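Trainee: So the number in this note's numbering is just where the residue sits in the sequence shown, counting from 1, plus 4.
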Amino acid sequence: MFYYLDGLIAELLPQMAVVDCGGVGYACRTTRTTLSQLQKGQRGRLYTHLNVGEDLFDLYGFASQSELASFRMLLGVTGVGPKAALAILSSTTPESLAMAIVTEDEKSLTAAPGIGKKIAKRIILELKDKLARESGGAIDFTAGASVAGTAAIPDKASEAAQALAVLGYSGAEISAALKGVDSSLPLEEIVRSALKKMVK
5 MFYYLDGLIA ELLPQMAVVD CGGVGYACRT TRTTLSQLQK GQRGRLYTHL NVGEDLFDLY
65 GFASQSELAS FRMLLGVTGV GPKAALAILS STTPESLAMA IVTEDEKSLT AAPGIGKKIA
125 KRIILELKDK LARESGGAID FTAGASVAGT AAIPDKASEA AQALAVLGYS GAEISAALKG
185 VDSSLPLEEI VRSALKKMVK
């Protein structure tokens with residue numbers, strides 16, 4: 005229903021930002037990460053997710069499309085609701101979340117309040133399975149390998165490609181973004197460099 009809200013940031017509250025659009029204040033539940041990028045009285049844009057149920061009508065807003073994609077991805081995991089998804093994204097970035105899933109790093113997920121080992125394992129298992137089904141070999145995992153003769157580099161490029169796929173990018177987008185990226189960089193830097201190319 006709503007793709008994004010663009011207007012004056014009227015209020016910043018714990019886990020909520022109020023965006024004034026044409027005199028109407030939209031209350032968006034959000035993460036600490038998004039709140040840190042907003043300033044009261046300044047213009048801001050939030051990409052939104054509307055959660056509608058029998059007794060609820062909640063709007064969620066995020067400063068970036070990758071954070072929104074990560075939120076929706078987490079909601080697709082059995083037993084993960086909006087509160088848990090916000091907790092996870094308040095304690096980590098979408099890039100770090102994607103890498104935690106790819107590298108099966110439970111500790112990164114359990115650092116979020118209320119997220120125990122059981123749910124962390126489920127997130128990793130379900131999202132890795134989803135990634136394997138959706139990628140289906142369509143991603144050129146070596147596209148970012150720019151330094152020849154190093155055995156670890158294709159593996160690192162492959163992990164970066166998987167992390168980007170977890171964030172919802174297509175195989176073609178990932179291959180293009182990884183092309184020419186220096187694969188001797190740390191994994192997180194490779195992912196960041198690829199993401200910068202995608203938003204240009």
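Note that CB positions come from ideal geometry on N, CA and C, so glycine has one too. Predicted model, so just to flag it, every value in this text is computed and none were measured.
Rounded to whole angstroms, what's the CA-CA distance from Asp59 to Leu199? Just pull it up for me.
Mentor: 38 Å
Trainee: Let me check understanding here. Comparing Cα to Cα, which of Gly27, Arg47, Val22 lies closest to Tyr64?
Mentor: Nearest C-alpha to Tyr64: Val22.
Trainee: Taking Cβ to Cβ, would you say Arg49 is nearer than 8 Å to Leu17?
Mentor: no
Trainee: Of all the alpha helix (DSSP H) runs that stay within the bounds of the segment 8-73, which reach a length of 4 or more residues?
Mentor: 36-39
Trainee: Taking the alpha-carbon positions, what's the Gly172 to Arg76 distance?
Mentor: Cα atoms of Gly172 and Arg76: separation of roughly 10 Å, rounded to the nearest angstrom.
Trainee: Determine the DSSP secondary structure at Ala161, reduced to helix, strand or coil.
Mentor: helix
Trainee: Where does the unbroken alpha helix (DSSP H) through Lys87 begin, and where does it stop?
Mentor: 86-95
Trainee: Looking at the structure shown, is Lys134 part of a helix, part of a strand, or coil, going by DSSP?
Mentor: helix
Trainee: Can you find the residues in the same chain that come closer than 8 Å, C-beta to C-beta, to Arg47, ignoring five residues on each side of it along the sequence?
Mentor: Asp10, Gly11, Leu12, Ile13
Trainee: So what does DSSP say about Ala156, is it helix, strand or coil?
Mentor: Low per-residue confidence applies at Ala156: pLDDT is 40, beneath 50, and the placement is therefore not dependable, though the value from the model is reported in the following sentence. It is helical.
Trainee: Suppose the cutoff is 6 Å on Cβ atoms and the five residues either side in sequence are ignored; what does the same chain contact list for Thr154 look like?
Mentor: Model confidence at Thr154 stands at a pLDDT of 33, short of 50, so the residue's coordinates are unreliable; what they give is reported in the following sentence. Closer than 6 Å at Cβ, skipping near neighbours: no residue.
Trainee: Determine the direct distance from the alpha carbon of Asp62 to that of Leu101, and round the result to whole angstroms.
Mentor: 24 Å
Trainee: Check each candidate in Val28, Ala88, Pro98 and name the one with the smallest Cα separation from Ile123.
Mentor: The option with the nearest alpha carbon to Ile123 is Ala88.
Trainee: Starting from Ala181, follow the alpha helix (DSSP H) in both directions and report where the run begins and ends.
Mentor: 175-182
Trainee: On a Cα-Cα basis, can you pick out the residue from Glu108, Lys44, Thr34, Pro117 that is closest to Leu129?
Mentor: Looking at the Cα atoms, Glu108 is the closest of the given residues.
Trainee: Would a C-beta distance cut-off of 8 Å place Ala67 and Thr38 closer than the cut-off?
Mentor: yes
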